[in-house]
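Chains as they are written, first to last, in full-length UniProt numbering: chain V, 1 to 192; chain E, 1 to 192.
Note that CB positions come from ideal geometry on N, CA and C, so glycine has one too.
Structure, as structure tokens:
2 protein chains.
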Amino acid sequence: MSEYSALPVPPMSIRFDQGAGTLSPEGPTLTRRMSDLEGLFRDSEAWAAAVADGDPIVYSVVSSPVPEIDRELPQSITTIQPGTTAGELWMTKGHQHPNHQGEIYLCISGHGGLLMFDGTETRWVDMTPGTIGYMPPGWAHRSINVGDEPYSFLAVYPGGAGHDYGWVLEHGMGQRVLAGADGLDFVNYVEG
Amino acid sequence: MSEYSALPVPPMSIRFDQGAGTLSPEGPTLTRRMSDLEGLFRDSEAWAAAVADGDPIVYSVVSSPVPEIDRELPQSITTIQPGTTAGELWMTKGHQHPNHQGEIYLCISGHGGLLMFDGTETRWVDMTPGTIGYMPPGWAHRSINVGDEPYSFLAVYPGGAGHDYGWVLEHGMGQRVLAGADGLDFVNYVEG
């Protein structure tokens, strides 16, 4: 969301409707289609076929008006659609904060997971409504929908943390998460 | 909560039970009795009488294990009991962040208000369940229970922001909030 820019905001009230998955007033909205996720799925041919076959929306991010600038504390709601591409569960691009700072995700609906990677170790937090997933500074993070319904969470993050998506393309996320016959299959990223 | 100290934490899952108003696992808990609020109520004699008459708990703050250190993003749940002291609604001490950074409060139960003061201007955000009150950097803030039930909110704030309680003793909060016959009465702080 480094695409965003805005001026500082005054003290304000933001309506957080957990049932509807909305913030009001709204700020910028980001929509990620399959074509925006180039180089991230293990099976690049299946990815290209999905792009050719309607290029579906994989996830969207709706922000509050609080801007992504240093010292502010913006919020957003991400909704990931359910789905798989060659068995790999639909996910966000994942990013590292170039200015290492902590972040929280609060699950509001659906069933997801939070994959974290510090360049060496991988951690997984199962996300159901009411779970706060904590990402300490220095841990890259990706969200994954592991259920059959849309998965939504509220993110709160320091506005000056930044988003480095290239870090994940270069380093991976340690593991990939596939839909298995009896649950989730975690496979090493480098085997992709 | 500058009393707290702890080591950094790994990636973790925190259960946020909005009905019960709890975070699990829990970190430090802070309890503020009437005697901890010296110099803050307009009527110091009524304050002293309340201290003498059982020194009631005015509010408590339960934190998650995420520590209050730079680059982390801790969370806490504050619960303010309903009550008045010489008509002035029960409230938190209020503080300024010496390292100016934004903060959010999410109301989870009861009816409260968020009073903000930048040294010149005052702002008020009415807080009901689902309201996110946004405190931009540089605005001192105090929470006030304006209802008949306990008022609880989740706070998310940068761990390095700090808490300067002396700022409020020196500068006030611009206004005081009293229980009026037909709602809230806002009076100038300096008239106290």
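{"Query": "Cβ distance (whole Å) where E:A86 is taken to contact E:F117 below 8 Å", "Result": "E:A86 to E:F117, Cβ: 21 Å. No contact."}
{"Query": "Rounded separation between V:Y4 and V:T31 - CA only", "Result": "The predicted model places V:Y4 with a pLDDT of 45, which falls under 50 and marks its position as unreliable, so this point remains unresolved."}
{"Query": "Through-space distance from V:E26 to E:A108, alpha-carbon basis", "Result": "As written in the sequence, residue 108 of chain E is Ile, which differs from the Ala given in the question. About 21 Å."}
{"Query": "Expected contact under 8 Å - CB spacing of V:P28 and V:S63 to nearest Å", "Result": "5 Å"}
{"Query": "is_contact[E:Q101, chain V] using C-beta, thresh 8 Å", "Result": "yes"}
{"Query": "is_contact[E:D53, chain V] using C-beta, thresh 8 Å", "Result": "no"}
{"Query": "Straight-line Cα distance separating E:G180 from E:T79", "Result": "22 Å"}
{"Query": "Collapsed DSSP secondary structure at V:E170 in the structure displayed", "Result": "helix"}
{"Query": "Residue range of the beta strand (DSSP E) that includes E:E103", "Result": "103-109"}
{"Query": "Cβ contact check for the stretch 91-98 of chain V and the stretch 45-57 of chain V: 3 or more pairs under 8 Å", "Result": "no"}
{"Query": "Closer than 8 Å to chain V by CB, E:M1", "Result": "Because E:M1 sits at a pLDDT of 37, beneath the cut-off of 50, its placement in the model cannot be relied upon, and the point is left open."}
{"Query": "Members of the stretch 22-39 of chain V near chain E, C-beta cut-off 8 Å", "Result": "L23"}
{"Query": "Every unbroken alpha helix (DSSP H) within the UniProt domain \"Glucose-6-phosphate isomerase prokaryote\" (32-177) of chain E, with a cutoff of 4 residues, ordered by chain", "Result": "44-52, 166-171"}
{"Query": "Chain E contact for V:Q81 (CB, 8 Å cutoff)", "Result": "no"}
{"Query": "Beta-carbon contacts of E:D126 that lie in its chain and below 7 Å, excluding the five residues immediately before and after", "Result": "G113"}
{"Query": "Test: V:E68 CB closer than 8 Å to a CB of chain E", "Result": "no"}
{"Query": "V:P98 versus E:M173 - alpha carbon distance", "Result": "37 Å"}
{"Query": "Whole-angstrom distance between E:Y105 and E:L154, CA atom to CA atom", "Result": "5 Å"}
{"Query": "Any chain V beta carbon closer than 8 Å to E:R15", "Result": "yes"}
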